[in-house]
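In full-length UniProt numbering, the protein residues as written are 1 to 214. Glycine included, every Cβ here is placed at the ideal spot set by N, Cα and C. Since this is a predicted model, take the numbers as computed values, not measurements. Have a look at the structure below before the remarks.
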């Protein structure tokens, strides 16, 4: 069995001893993740090869395998990054922004990004939602965002998630409310206003969520 404490300590010491090497590694990893997200969204997860990802990131494929052992490992890393970004935003907003306002803002920001296809990770988000081969990664992301949002609700309303179902029920309701307009938008080929449809859905779901939280 690997002693992870020793491994983590060695990694920290390496960062101190070789800061330029560590920064270069971080930049390379970020480039790999960025290019992989684009390719998964553009060509599909199944059709995207590790060689194609390496070429897009302008690195040798052996360097790619130094960072990620498999393509599924890479996909899960992408999901982890997106979940961590959401968790950071939620942590910063708690105590300052009401959960329901935070959720609406997140939903509309994503809608704008999907429409413009500009925000990093949008291609990955589309791939996660539409690629059967990425169902495992989408399942992990869905679990993470459910947990992040439910913790936000529990903290704001003073609820104990171990005995109270309301945080999970509220979050499930709201996530369903925004998934329905997205499905409608995809089926219409992007020819309807996604933001408007999400606003309509949330205008129905949020009063129901408030009622549950009373």
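Roughly how many angstroms separate the alpha carbons of residue 199 and residue 26, rounded to a whole number?
Numbered from its first residue, the chain shown carries residue 199 at position 199. Numbered from its first residue, the chain shown carries residue 26 at position 26. Spanning the two alpha carbons is a distance of roughly 38 angstroms.
Determine the burial state of residue 136: buried for a count of at least 16 other Cβ atoms within 10 Å of its Cβ, exposed for fewer.
Taking the first residue of the chain shown as position 1, residue 136 is located at position 136. Classification for residue 136: exposed.
Is the beta carbon of residue 155 less than 8 angstroms from the beta carbon of residue 94?
Taking the chain shown and counting its residues from 1, the one referred to as residue 155 is at position 155. Taking the chain shown and counting its residues from 1, the one referred to as residue 94 is at position 94. Yes, the Cβ-Cβ distance between residue 155 and residue 94 is below 8 angstroms.
Residues of its chain near residue 150, where Cβ-Cβ distance is below 7 angstroms and the 5 sequence neighbours each way are ignored
Residue mapping note: residue 150 aligns to position 150 of the chain shown, counting from 1. Only 161, 167, 168, 171 meet the Cβ criterion.
Can you list, in chain order, the residues of its chain with a C-beta nearer than 8 angstroms to that of residue 52? Leave out the 5 residues immediately preceding and following it.
Taking the chain shown and counting its residues from 1, the one referred to as residue 52 is at position 52. Cβ neighbours of residue 52 beyond the five flanking positions: 39, 43.
Rounded to whole angstroms, what's the CA-CA distance from residue 67 to residue 82? Just pull it up for me.
Along the chain shown, read from residue 1 onward, the residue named residue 67 stands at position 67. Along the chain shown, read from residue 1 onward, the residue named residue 82 stands at position 82. Each residue's Cα considered, the two are about 18 angstroms apart.
Can you tell me which of the three DSSP states residue 41 falls into?
Position 41 of the chain shown, counted from the first residue, corresponds to residue 41. Helix, per DSSP.
Inter-residue spacing [alpha-carbon to alpha-carbon] between residue 163 and residue 71
Here residue 163 refers to the residue found at position 163 of the chain shown. Here residue 71 refers to the residue found at position 71 of the chain shown. So the two alpha carbons sit approximately 39 angstroms from each other.
Using beta-carbon positions only, say whether residue 201 and residue 173 come within less than 8 angstroms of one another.
If you number the chain shown from 1, residue 201 lands on position 201. If you number the chain shown from 1, residue 173 lands on position 173. In this structure, residue 173 does not lie closer than 8 angstroms to residue 201 by Cβ.
Extent of the continuous alpha helix (DSSP H) to which residue 164 belongs
Taking the chain shown and counting its residues from 1, the one referred to as residue 164 is at position 164. Here residue 164 belongs to no alpha helix (DSSP H), and DSSP marks it neither H nor E.
Proximity below 8 angstroms, CB of residue 195 to CB of residue 112:
By 1-based counting over the chain shown, the position of residue 195 is 195. By 1-based counting over the chain shown, the position of residue 112 is 112. Taking 8 angstroms as the Cβ cut-off, residue 195 and residue 112 qualify as a contacting pair.
If you check the beta carbons only, do residue 45 and residue 75 fall under 8 angstroms apart?
Position 45 of the chain shown, counting from 1, holds the residue named residue 45. Position 75 of the chain shown, counting from 1, holds the residue named residue 75. Going by C-beta atoms, residue 45 is nearer than 8 angstroms to residue 75.
Going by other Cβ atoms of all chains shown within 10 Å of its Cβ, with 16 needed for buried, is residue 23 buried or exposed?
Reading the chain shown from its first residue, position 23 is the one you call residue 23. By the 10 Å Cβ count, residue 23 comes out exposed.
Could you tell me the distance, in whole angstroms, from the CA atom of residue 60 to the CA atom of residue 32?
Here residue 60 is taken as the residue at index 60 of the chain shown, counted from 1. Here residue 32 is taken as the residue at index 32 of the chain shown, counted from 1. When rounded, the distance between both Cα atoms is 11 angstroms.
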